[in-house]
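Have a look at the structure below before the remarks.
Residue numbers (my numbering), protein chains in the order written: chain A, 7 to 113; chain B, 4 to 122.
Structure below.
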């Protein structure tokens, strides 16, 4: 299986901050990397697909970059509704493994 | 409107069997894969496997192969996840999600089905 490693595992930030979360794959996965946001008691919500494409309806403050094995999710200016857990996922090959998650908390 | 509606919460005993469902609507059910994802209490997301309802092509994660069965009935736009003998460690939230291709991102998710094992 391809291992996905996110960093940091948790992060405290303030409204208005710029935040970056990184995701590293254990082998190259081209651009088959997706990012999700999950709030307690709700299913994951797709934010970014194919490393850098913004899912319809997702605010433009979210952006993704990277290819190969190293990827980043950036939130340009944190809003109160952005405090949640974020997961990366590779869709390059079965099983489509997820990172362990990054919990974004209010400072 | 695309929707994936999952069956309700279940409370079962170890050793019992279970089949949970995921009904798609608002799109062509046979043209999208349906994947299943496990989330154990307080933990992260784990990919279990996926099925293409158009021809029932099924791909399992090696970690779940032999532990669960994924199936679909395209006539009623419903996918299923089933266990023949539940274990206490199967306690989790289970989500279904559609994806357009094997490399496509799951874009719509069901609301989740909570399975609780209690002796």
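Cβ atoms here follow ideal geometry from the backbone N, Cα and C, with glycine treated the same way.
Residues bridged to residue 83 of chain B (per DSSP)
Here residue 83 of chain B refers to the residue found at position 80 of the second chain. Beta-bridge pairing links residue 83 of chain B to B:24 and B:74.
Leaving aside the five residues before and after residue 83 of chain B along the sequence, list all residues of the same chain whose C-beta is less than 6 Å from its C-beta, in chain order.
Numbered from its first residue, the second chain carries residue 83 of chain B at position 80. Cβ neighbours of residue 83 of chain B beyond the five flanking positions: 22, 24 and 74.
Which of helix, strand or coil does DSSP assign to residue 2 of chain B?
Residue 2 of chain B lies beyond the range of chain B shown here (4 to 122); nothing can be said about it.
With a cut-off of 8 Å on the beta carbons, I'd call residue 104 of chain A and residue 47 of chain B a contact; round off their distance for me.
To locate residue 104 of chain A, count along the first chain from 1; it is residue 98. To locate residue 47 of chain B, count along the second chain from 1; it is residue 44. About 6 Å; that satisfies the 8 Å criterion.
Using only the alpha-carbon positions, how far apart do residue 80 of chain B and residue 102 of chain B sit?
By 1-based counting over the second chain, the position of residue 80 of chain B is 77. By 1-based counting over the second chain, the position of residue 102 of chain B is 99. The straight-line gap from Cα to Cα measures roughly 15 Å.
Backbone CA spacing between residue 73 of chain A and residue 57 of chain A [nearest angstrom]
What you label residue 73 of chain A is simply residue 67 of the first chain in a count that begins at 1. What you label residue 57 of chain A is simply residue 51 of the first chain in a count that begins at 1. Their Cα atoms are separated by approximately 7 Å.
Could you work out which residues of chain A lie near residue 64 of chain B, taking near to mean beta carbons separated by less than 9 Å?
Translated into positions along the second chain, residue 64 of chain B becomes position 61. Think of a sphere of 9 Å around the beta carbon of residue 64 of chain B: the chain A residues whose beta carbon falls inside it are 7, 100, 101, 102 and 103, in chain order.
Spatial distance of residue 87 of chain A from residue 63 of chain A (CA atoms):
In the first chain, the residue the question calls residue 87 of chain A occupies position 81. In the first chain, the residue the question calls residue 63 of chain A occupies position 57. Cα-Cα distance, rounded: 15 Å.
Per-residue DSSP class, three states only, for residue 19 of chain B
Taking the first residue of the second chain as 1, we reach residue 19 of chain B at position 16. Coil at residue 19 of chain B, not helix or strand.
Whose Cβ in chain A lies nearer than 7 Å to the Cβ of residue 120 of chain B?
Taking the second chain and counting its residues from 1, one reaches residue 120 of chain B at position 117. The premise fails here: residue 120 of chain B is roughly 20 Å from chain A at the closest Cβ pair, so nothing lies under 7 Å.
CA-to-CA distance, residue 84 of chain A to residue 23 of chain A, given in whole angstroms
Translated into the one-based positions of the first chain, residue 23 of chain A becomes position 17. Translated into the one-based positions of the first chain, residue 84 of chain A becomes position 78. One C-alpha to the other measures close to 5 Å.
Considering only C-alpha positions, which residue in the set B:59, B:120 and B:116 is nearest to residue 128 of chain B?
Nothing about residue 128 of chain B can be reported from this structure: the residues present for chain B run from 4 to 122 only.
According to DSSP, residue 76 of chain A sits in a beta bridge with which residue or residues?
Your numbering for residue 76 of chain A matches position 70 in the first chain. A:30 and A:73, per the DSSP bridge assignment.
For chain A, check one thing: does any of its Cβ atoms lie closer than 8 Å to the Cβ of residue 60 of chain B?
What you label residue 60 of chain B is simply residue 57 of the second chain in a count that begins at 1. Chain A contact via Cβ: absent.
Taking the alpha-carbon positions, what's the residue 49 of chain B to residue 65 of chain B distance?
Working through the second chain from its first residue, we reach residue 49 of chain B at position 46. Working through the second chain from its first residue, we reach residue 65 of chain B at position 62. Rounded to whole angstroms, residue 49 of chain B to residue 65 of chain B spans 12 Å at the Cα level.
Can you check which of these residues, A:82, A:59, A:54 and A:60, is closest to residue 67 of chain A by C-alpha distance?
Counting from one through the first chain, the residue named residue 67 of chain A turns up at place 61. Measuring from the Cα of residue 67 of chain A, the nearest candidate turns out to be A:82.
Check residue 89 of chain A in the structure and name its three-state DSSP category.
Locating residue 89 of chain A in the first chain gives position 83, where the first residue counts as 1. Reduced to three states, the DSSP call for residue 89 of chain A is coil.
Any C-beta of chain E sitting closer than 8 Å to the C-beta of residue 49 of chain A?
In the displayed structure, chain E is absent; the protein chains listed are A and B.
If the cut-off is 8 Å on Cβ atoms, which residues from the stretch 54 to 81 of chain A count as contacting chain B, listed in chain order?
Answer in chain order: 55, 56 and 61.
Is the Cβ-Cβ distance between residue 75 of chain A and residue 34 of chain A less than 8 Å?
The sequence position of residue 75 of chain A within the first chain is 69, counting from 1. The sequence position of residue 34 of chain A within the first chain is 28, counting from 1. Yes, these two residues count as a Cβ contact at 8 Å.
Which chain A residues are close to residue 110 of chain B, counting only those with a beta carbon under 8 Å from its beta carbon?
Start at 1 with the first residue of the second chain, and residue 110 of chain B comes out as number 107. Simply 52, 55 and 61.
Residue 96 of chain B: buried (16+ other C-beta within 10 angstroms of its C-beta) or exposed?
Counting from one through the second chain, the residue named residue 96 of chain B turns up at place 93. The residue in question, residue 96 of chain B, is buried, as its Cβ has 16 or more Cβ neighbours within 10 Å.
Are the beta-carbon atoms of residue 37 of chain B and residue 56 of chain B separated by less than 8 Å?
Taking the first residue of the second chain as 1, we reach residue 37 of chain B at position 34. Taking the first residue of the second chain as 1, we reach residue 56 of chain B at position 53. Contact: yes.
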